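Residue numbers (the working numbering): -4 to 136.
And the structure:
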């Protein structure tokens, strides 16, 4: 029998310029350096960035960018999906369009190194109704 997993601890993300990536992740995803883990950066270790409550961690490794890519998907509530859409439209040169999966909605985008990300909500009706009201064109929530 397989022992249970508690949570996802972190993801490794390869970036070509860690300083530039740190700025992008802070601006676009609201992830900031974890000062308690900054010592890991020595000798090629990761720069750990996290969200405010510590529930999301990414380890940014400065490495050559390869072909193997895995999309990291972040789940959000239906009420913050539209604010995410507005935020990504403000921050990204190629802003995403909502993708209707019939049971969920997703926004797909990439960091400057081509690492793919997704913001997704399974609160389908809330997102659909917000999009139908044109809420994505309105100002910040």
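Glycine residues also receive a C-beta, built at the ideal position from the N, C-alpha and C atoms. Values in this document were obtained by computation on a predicted structure and should not be read as measured data.
*Using a Cβ-Cβ cut-off of 7 Å (strictly less than) and excluding sequence neighbours within five positions of residue 80, which residues of its own chain qualify?*
93, 102, 131
*Only counting runs of 4 or more residues, tell me where the alpha helix (DSSP H) segments fall wholly within the region 43 to 111, in order along the chain.*
73 to 86
*Please look up how many angstroms separate the CB atoms of residue 9 and residue 56, rounded, as I've assumed it's under 8 Å.*
5 Å
*Straight-line gap, residue 108 to residue 36 (C-alpha atoms, nearest Å)*: 19 Å
*Where do the N-terminal and C-terminal ends of the alpha helix (DSSP H) with residue 14 fall, by residue?*
13 to 24
*Which residues mark the beginning and the end of the beta strand (DSSP E) in which residue 7 is found?*
6 to 10
*Between residue 86 and residue 22, which are expected to be in contact by the criterion C-beta below 8 Å, what is the C-beta distance as a whole number of angstroms?*
6 Å
*Give the DSSP-derived three-state secondary structure of residue 121 in the structure shown.*
helix
*Where residue 37 sits in the DSSP three-state scheme*: helix
*State yes or no: is the C-beta of residue 51 within less than 8 Å of the C-beta of residue 29?*
no
*asked:* Taking its Cβ as the centre, do 16 or more other Cβ atoms sit within 10 Å of residue 16, making it buried, or is it exposed?
replied: buried
_Contact check, residue 20 vs residue 67, beta carbons under 8 Å_ = no
_For residue 41 and residue 65, I'd like the C-alpha separation in whole angstroms._
18 Å
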